[in-house]
Amino acid sequence: MLRRFKIAAASVATVAIFTGALAQQAKFGTAAEAKAMLGRVITELKANEPAAITKFNKPDGGFRDRDLYVFCLNAKTGIISAQVNPALIGTDTRLLKEKDGSPLGQKIYDAVQGLKDGQITSVSYNYPRPNTANPVPKESYLTRVGNTACGVGYYK
140 MLRRFKIAAA
150 SVATVAIFTG
160 ALAQQAKFGT
170 AAEAKAMLGR
180 VITELKANEP
190 AAITKFNKPD
200 GGFRDRDLYV
210 FCLNAKTGII
220 SAQVNPALIG
230 TDTRLLKEKD
240 GSPLGQKIYD
250 AVQGLKDGQI
260 TSVSYNYPRP
270 NTANPVPKES
280 YLTRVGNTAC
290 GVGYYK
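This is the structure:
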């Protein structure tokens with residue numbers, strides 16, 4: 140009887156831990172989900188770039204999922220899409236820094252320079268999750284369509 144109780148208790152504990160891990164995972168976007176969103180970004184940019192940028196900038200435009208969101212830049216005007224921080228629109232991408240002073244924007248800018256249309260690369264850096272202040276490890280997948288480069292990142 141005691142043996143059955145121990146087995147049942149261990150089973151319940153395992154299920155509780157697994158369920159908690161799934162709940163935590165569902166709270167944040169994954170690498171696969173970031174890549175999938177970037178695929179949708181490429182499709183939208185190729186179909187109608189101005190309309191795509193408008194969608195990317197709207198909270199209800201279909202390009203925000205938990206902590207996943209789109210950001211875009213171009214060589215002439217800098218950041219053109221920054222849904223989670225619209226104050227960045229118009230900022231020269233190359234001037235953005237990580238909290239420790241590392242050249243975040245230059246890293247992103249350099250990564251997209253040699254890309255062909257629809258080609259994807261990635262960069263890793265530290266950046267706060269939306270609505271937080273402390274930077275955490277993040278990887279962003281980047282692409283380029285014409286003169287516009289966009290990224291979608293996930294927090295590791």
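Under our numbering, read the sequence shown as residues 140 to 295, first letter to last.
Glycine included, C-beta positions come from ideal geometry on N, C-alpha and C.
message: Quick check on DSSP: helix, strand or coil for Gly168?
response: Gly168: coil per DSSP, three-state reduction.
- request: Determine, using beta carbons only, whether Thr232 and Gly240 come nearer to each other than 8 Å.
  value: Not a contact, by the Cβ cut-off of 8 Å.
Host beta strand (DSSP E) of Ile219 (start-end): Annotation: the continuous beta strand (DSSP E) that includes Ile219 extends over 217-221.
field: Rounded separation between Ile228 and Ala214 - CA only
entry: Their Cα atoms are separated by approximately 13 Å.
query: Anyone know if the C-beta pair for Phe167 and Tyr264 falls short of 8 Å?
result: Not in contact: Phe167 and Tyr264 (Cβ atoms no closer than 8 Å).
- request: On the DSSP bridge assignment, give the partners of Tyr248 in chain order.
  value: Tyr248 is not bridged to any residue.
query: What does a CB cutoff of less than 7 Å around Gly257 pick up in its chain, not counting 5 residues either side in sequence?
result: Excluding residues within five positions, the ones whose Cβ falls inside 7 Å are Ile181, Thr282, Val284.
message: Can you confirm whether Ile228, when its beta carbon is compared against all beta carbons of chain D, has any partner nearer than 8 Å?
response: Judged by its chain identifiers, the structure shown contains no chain D, having just a single protein chain.
field: Outcome for Gln222 when other beta-carbon atoms lying within 10 angstroms are tallied against a minimum of 16
entry: Classification for Gln222: buried.
In chain order, each beta strand (DSSP E) run of at least 3 residues that lies wholly inside the segment 253-282: If we require 3 residues or more, the beta strand (DSSP E) runs fully inside the segment 253-282 come out as 259-267.
query: Which of helix, strand or coil does DSSP assign to Arg203?
result: Strand.
- request: Return the chain-ordered list of same chain residues with a C-beta closer than 8 Å to the C-beta of Arg269, the five sequence neighbours on each side being excluded.
  value: Reading off the sequence shown, one finds Pro at residue 269, where the question assumed Arg. The beta carbon of Pro269 is closer than 8 Å to those of Asp206, Tyr208, Val223 in its chain, skipping five residues each way along the sequence.
message: Classify Thr287: buried if its beta carbon has 16 or more other beta carbons within 10 angstroms, exposed otherwise.
response: Buried is the call here.
- request: Return the CA-CA distance between Lys197 and Leu234, expressed in angstroms with no decimal places.
  value: Rounded to the nearest angstrom, the two C-alpha atoms are 24 Å apart.
message: Output needed for Lys236: all residues of its chain with C-beta closer than 8 Å, excluding positions within five of it in sequence on either side, in chain order.
response: Cβ neighbours of Lys236 beyond the five flanking positions: Pro242, Leu243, Gly244.
task: Measure the CB-CB distance between Asp204 and Glu172 and report whether it falls below 8 Å.
output: With contacts defined by Cβ atoms closer than 8 Å, Asp204 and Glu172 form a contacting pair.
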